[in-house]
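Student: Residue 986 in the UniProt record's numbering is what sits at position 986 of the sequence shown, and the numbering runs on without skipping anything. In this text, a Cβ means the ideal position worked out from N, Cα and C, and glycines have one as well.
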Amino acid sequence: MFHRFSAFLILLVIASSSWEENLTLVLHANEYEITDVQEGWQMVRMEEFGSVVEPGKPMLPARVFLIALPPGARVEDVTVEGFGEQELPGTYEIVPSPPLVPTASGEIHQDWLTFVRNEWTANYESAYTSDEPYPHNVGEFLSTGNLRKWRFARVSYKPFAYRPLSKQLVFYPSARVSIHYSLPSPGSAEAIETERLLTDRKGEGLASQLLVNHQDAKRWYEEPGKSGGALQPYDYVIITGSTLTAGVSPLVAWKTSLGYNVNVVTTDWISTTYTGIDLQEKIRNFLIDKYPSLQWGIEWVLLAADIDVIPMRKCYPDASNHANDVPTDHYYADLTGNWDSDSDGFPGEYGEDGVDIAPELWVGRIPYSNVDSLLHICNKIVSFEADSSTWKNRCLLMGAILEYFNEDGSGWPGCDGADLECGMSLEFLYPGDILVEARGLAPSPWWSAPWLVADSLTYLNAINWWSTGRYGMVNLVGHGNSSSAARKVWAWDNGNSIPDNPAEFTWPTFFDKAACASLNDNYPSIVLSIGCDNSYPETPNLGRALLRKGASGVIGSTRLCYHIQGWWGVPQGGTFTLNHMFFRYLTLDDAQLGRALYSSKLLYYNNYLYPGYEWTDQQNMFDFCLYGDPSMRRFPVPAPKVVSTSPAAHDPSASSTTSIQATFDSDMLSATMNAGAYGTFLVWGTQSGPRYVGSVGYTPGTRTATFTTPHLPFFAGEQVIATLTDGILSGDSAALDRYSFSFTVQASNPTNAQFDSTTSYAVGGWPGILAAVDLNYTNHVDLLVLDSRTGSDTVFTLMNDGSGNFIPAPKYSLGSPPTSVCAMDADRDGDIDAVVACDTMIVFLQNDGLGNFPTQQYYSYGWGAGSSLQNLRNNDLGGRGTILDFALSFGGNDLAVLLFRDLANGAARYDYYDLRGGIADLCVGDLNSDGEVDIIGTMSPYVWPTDSLWIMWNEGSGSYAPPTYIYAGAGAHAIYGNDLNGDGLLDLATACIWDTSVTVLINNGSGGFHSPVRYPISIPSFFHDGPRQIDGSDLDGDGDIDLIAFNIWTGMSLIDSLYLFSNNGNGTFSGPTSYALRAPPRDVLCADLDSDQDIDIVASLGNYPPFPIQVLWNTGGGAQCGDCNGDGRITIADATYLVAYIYRGGPAPIGQGDVNLDGRTTIADATSLVAFIYRGGPPPCQPTSPGIRSVDERTRVRR
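Okay, structure coming up:
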């Protein structure tokens, strides 16, 4: 894992311009030690710091810090000042930096050695004959870059300076970094792009590890209150040719089964859809467009074709040598860097182009352009990843000598691949077998360690060990070309005891393409080869051959790669450090292949400075590419799961001021947990609206995430839905098994469920279906009413004035008769919109924040006349962190599941299901407690009276299994779901027509139900059927769910009564008690209409003149909130009563004492009562005074 460095944000000030600012941080050095190395030299080693490696000059600790900047910031000026200067006592012989040498063979290697030795000698003489401090500064600004939405500056910090002549060391324990930056002008193209990326939720874990001030910078990256675009579930994209798609089908099926959302895209489609100078640029433009979370949320990309179909981008890291072209797939990973910022047609030039290396995506390639090879490799990848056998822990490490000590009399140290291999084996790569150089005049010193080394490194030994050994990982270190890896052997000496180039050396091959035929493809290894050109893409290279047989994934170099001569450990950098860190991430962190490779590149790139040779550093970044699946792991990693929640799922009486918690079975990355309209931990009140303003804290010890929001309380009786998305990652970067749960808020004012003092309202039509929701954020329930007149297309609104009195508001015409209604934030702007199912379409009425619906959008999805849309239910069916998913039924047998994105982009997926016997009613909820929302429905009792209820189990991501049919009462017509017996499981109740009863089905916890229990309704009429409808709520405030049934037909007319069944606390029911209405009800809903913490009832009475909306107030003997002494009034006596309870042990309050709804009864409640009685403060249990907030205030509070 990456480690955070000690850095503190100490200053943030506004400069003279409104779009210019300064950011100041202090960086601190870590613990260090000064150790003796070869031949009297010394070296300073600092924990978690790399080195300044300028060949021939003093090698000292250095580190590149990535400092987060505000979104879109442009750096204008940077200063780095060291302070706390300390001159260390004594004198020191600081070792000069070794050269960088290509891992090539033969003439190429010799030519470079000649060049670099001359350079090294000149640097050494210049530095060590002077007393000028080296390096010449404590740090400097290097470049800017992006990691997905995160903007950063790369700033180096070099805490030591050395004076070679006087041999003095100066230490700067701290450095102050001041960055002057400007922000893009509002409305500019740069500002628009910055805004587009702000809602991206991927990459949070990596950003938290890399950015030194990530925690402080998070406030800059709060998502905007309203954003276009839509969340789509394509985290894994495979790009291939149009004739090759069948070749990747096994991998698509496998990755889908692991929880990835895979999309296969063809180059033909990309080429015709996107612009660019060539196919490479078109593909990159496609990825730039789709990678943010509001588009597809891409993290993984597999290029499933060779370069004839999907070319690599040729880059030119050495800006002075355009003959040195380096093909790379890194071009498709770094999407925010400007690869040709100087527009000279030579991308990737160090110092001239704005490549930032930081990957937005993890990218791999299968370099074959035929279906058979793709199928073979994809099946092999699937088999490898699914295999949990221990052979995958074993490794084969083959390390050749790259240079010998004192070659050509240079005095330079040697470089032995066995130093790398044996070091890794001793530290973390075991068990394994190591092959080292045993031939020639100077064998590897490790050859004398038979307890560690298995055999000598030869061609036959390499084939024999690899083909028979069953290794999960193989590492080759040698001089390379496109087809082989070779040793460098000092074969003879001319008598001077000096290894002289080139005459005294041989270059025997120890592995090549032909050897792949001997490997066992049933045990395919993960291979990293440190050798130049081993993955040279223009020819049938070694890496490509290995992937075809012998390997499940290969990392190799497309051109020359550069190592440090004399490498002894990770702090020195070069390809050996890249190699070491790749296997460390792969094994100790269990990282996927792509993540391990790119994380190694990032550590390398940000820890080692090569003044004058930076282009070789960048070439190493471009060189090493992955052949294979970037998301492949060594072992199957189960997705982390939510194991418990608070409140518990389906809790029927949760506190209105509760925080919401989820506990996991694995350690999680806290940086991937966030609130907001596009967050990963989302909470909605079905009546009070979304909670976008909030925070998510994580406690590692208990593995618990806690969502808190300042916008409380929830409304009494409403259902609250919480969703945790797969954007939450575990410590090993596995995506969470998505989880959604719900609970019901308690009605905390106990009553006897007596309803009287009825009030009626006129709306100007015949009210039918009802919905209760806070439309204008006054913290009171308003009403949506559908007109039930034949041919009418009207929706009415009734606005609550704060006391339960409803004021008619404007009505809205839809263009088609309405049949069902849902309320949710359809455009994710923080207010609640109305979604209405009409005969032939769905209509979205967009709230302006004040309870008005000036804008309407229509969706029909090809539904024609007579489609007869009827039941509309919403929830998070697809597990995507949105309740904008719908289950809807039609007049026949059809059920549709519509996974909606948002108003800007419509449906993400639309599935039809054909159910026998028609559909009478729908209910959605998690029946089997797997965190996925199932769909339950009743069949038309006029067609199939025996199997009267069906369940469609959610198989994940909104895909549903064929229905399971169960008996649920004679002629079950309507259905209601909640936890009726308090065991944490979703139970069901049905309204049954044929035997005039309510039937209760108690969940047995194993995917089924106990035998239905019938509760009859006695009707004094021979001919009758019903009830047709049912609802539930805690009507008496005792903490369990009661039931209410209605709509009974006598054969002549509908009965004008409601029937209340009281829960006995264990899922059995007493009653019913009937309540007469002024006319037969068309619909009934339960809600706290007057904010007194008990549940009232509102009924629509159809064509009853003149007042077709009737409210039954819950006044049944229970004292109201704040009436602490129970005398039926709220006076100063209640405050006195409450004080006596709190301080003197007096009797408990009769009416609710927690009048400020903070979850406790304290002196603050007595103070609130006094304020209400004498100063006009908020009424008890109403935390804010009535009144409509301005749009600006609403956005600020609830966004």
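Looking at K380 and D540, is the spacing between their C-beta atoms short of 9 Å?
Tutor: It should be noted that the sequence gives Pro, not Asp, for residue 540. Not closer than 9 Å, so no.
Student: Roughly how many angstroms separate the alpha carbons of A127 and R117, rounded to a whole number?
Tutor: Using only the alpha carbons, I get a separation of about 15 Å.
Student: Mind pulling the beta strand (DSSP E) runs of 3 or more residues that sit fully within the segment 256-341?
Tutor: The qualifying runs are 262-266, 300-304, 313-315, 326-328.
Student: Helix, strand or coil for W254 per DSSP?
Tutor: Three-state result, W254: helix.
Student: Where does Q719 sit, in a helix, a strand or coil, going by DSSP?
Tutor: Strand.
Student: Which of helix, strand or coil does DSSP assign to A648?
Tutor: Reduced to three states, the DSSP call for A648 is coil.
Student: Here's a check: name, in chain order, each residue in its chain whose Cβ is nearer than 6 Å to the Cβ of D911, leaving out the five neighbours to either side.
Tutor: Hits under 6 Å: V897.
Student: For C992, which residues from the same chain have a beta carbon less than 6 Å from its beta carbon, with the 5 sequence-adjacent residues on both sides left out?
Tutor: These residues qualify, in order along the chain: G969, A970, G971, A972, T999.
Student: According to DSSP, is T114 helix, strand or coil?
Tutor: Three-state DSSP puts T114 in a helix.
Student: DSSP state of S227, grouped into three classes?
Tutor: Caution is warranted here: a pLDDT of 40 is assigned to S227, below 50, making its placement in the model unreliable, and the coordinate value is therefore given only provisionally. DSSP places S227 in coil when its eight states are reduced to three.
Student: Spatial neighbours of T1131 within its chain, please: C-beta separation below 7 Å, excluding the five flanking residues on both sides.
Tutor: I1173, listed in sequence order.
Student: Which of helix, strand or coil does DSSP assign to E119?
Tutor: Helix at E119.
Student: Between the segment 697-707 and the segment 834-844, do three or more beta carbon pairs fall short of 8 Å?
Tutor: At 8 Å Cβ cutoff, the stretches do not touch.
Student: To the nearest angstrom, how far is it from the Cα of G830 to the Cα of R176?
Tutor: Those two C-alpha atoms are separated by around 41 Å.
Student: Just verifying my parser: in three-state terms, what is the DSSP assignment at residue 1213?
Tutor: Only positions 1 to 1199 of the chain appear in the structure, and residue 1213 is not among them; the question remains open.
Student: Could you check what DSSP says for Y627 in three-state terms: helix, strand or coil?
Tutor: Strand at Y627.
Student: Of all the options F160, Y332, F346, which has the alpha carbon lying nearest to the alpha carbon of E281?
Tutor: Residue Y332 is the option with its Cα nearest to E281.
Student: Please look up how many angstroms separate the CB atoms of C1121 and V1155, rounded, as I've assumed it's under 8 Å.
Tutor: With 8 Å as the limit, C1121 and V1155 qualify as a contact, their Cβ atoms being about 6 Å apart.
Student: Would you say P347 and Y368 are within 9 Å of each other, going by their C-beta atoms?
Tutor: No. Outside cutoff.
Student: Use the C-beta contact count for H214: other C-beta atoms within 10 angstroms, 16 or more gives buried, fewer gives exposed.
Tutor: Label assigned to H214: buried.
Student: Sorted by chain position, which residues of the same chain lie with C-beta nearer than 7 Å to A596's C-beta, five sequence neighbours on each side aside?
Tutor: Same-chain partners within the cutoff: F582, Y585, L586.
Student: Considering only the beta carbon of each residue, do D419 and W568 sit closer than 9 Å?
Tutor: Contact flag set, yes.
Student: Nearest-angstrom Cα distance between T759 and S1100?
Tutor: Between T759 and S1100, the C-alpha separation is close to 12 Å.
Student: Quick check on the burial criterion: 16 or more other C-beta atoms within 10 angstroms. Buried or exposed for Y976?
Tutor: Classification for Y976: buried.
Student: Do Y234 and V262 have their CB atoms nearer than 9 Å?
Tutor: Yes, Cβ-Cβ distance for Y234 and V262 is below 9 Å.
Student: Would you report the Cα separation of R1129 and R789, rounded to the nearest angstrom?
Tutor: Cα to Cα, the separation comes out at about 43 Å.
Student: Within the chosen definition, does the segment 723-731 reach the segment 768-785 through at least 3 CB pairs nearer than 8 Å?
Tutor: Cβ pair count under 8 Å is below three, so no.
Student: Run the CB neighbour count on W269, radius 10 Å, all protein chains shown included, and call it buried at 16 or more, exposed below.
Tutor: With fewer than 16 Cβ atoms within 10 Å of its Cβ, W269 is classed as exposed.
Student: Is L626 near R439, with beta carbons less than 9 Å apart?
Tutor: No, the pair does not count as a contact, with Cβ atoms beyond the cut-off.
Student: By a C-beta neighbour count over all protein chains shown, 10 Å radius and 16 as the cutoff for buried, is P713 buried or exposed?
Tutor: Under this definition P713 is a buried residue.
Student: Which of helix, strand or coil does DSSP assign to V26?
Tutor: Three-state DSSP puts V26 in a strand.
Student: Considering Cα atoms alone, identify which of C415, D914, P1080, D926 is closest to S889.
Tutor: Among C415, D914, P1080, D926, the Cα nearest to that of S889 belongs to D914.
Student: What's the call for W150, buried or exposed, on a 16-neighbour Cβ count within 10 Å?
Tutor: Counting Cβ neighbours within 10 Å, W150 comes out buried, since at least 16 surround it.
Student: Suppose you measure from the CA of G892 to the CA of G918; what does that come to, to the nearest Å?
Tutor: Going by the C-alpha atoms only, they are around 5 Å apart.
Student: Can you tell me the Cβ-Cβ gap for S484 and D455, rounded? I've got them flagged as a contact below 8 Å.
Tutor: That belief does not hold up - the Cβ atoms of S484 and D455 are roughly 19 Å apart, past 8 Å.
Student: Between the segment 741-760 and the segment 651-663, are three or more C-beta pairs nearer than 8 Å?
Tutor: In short, these stretches touch, since the Cβ pair count reaches three.
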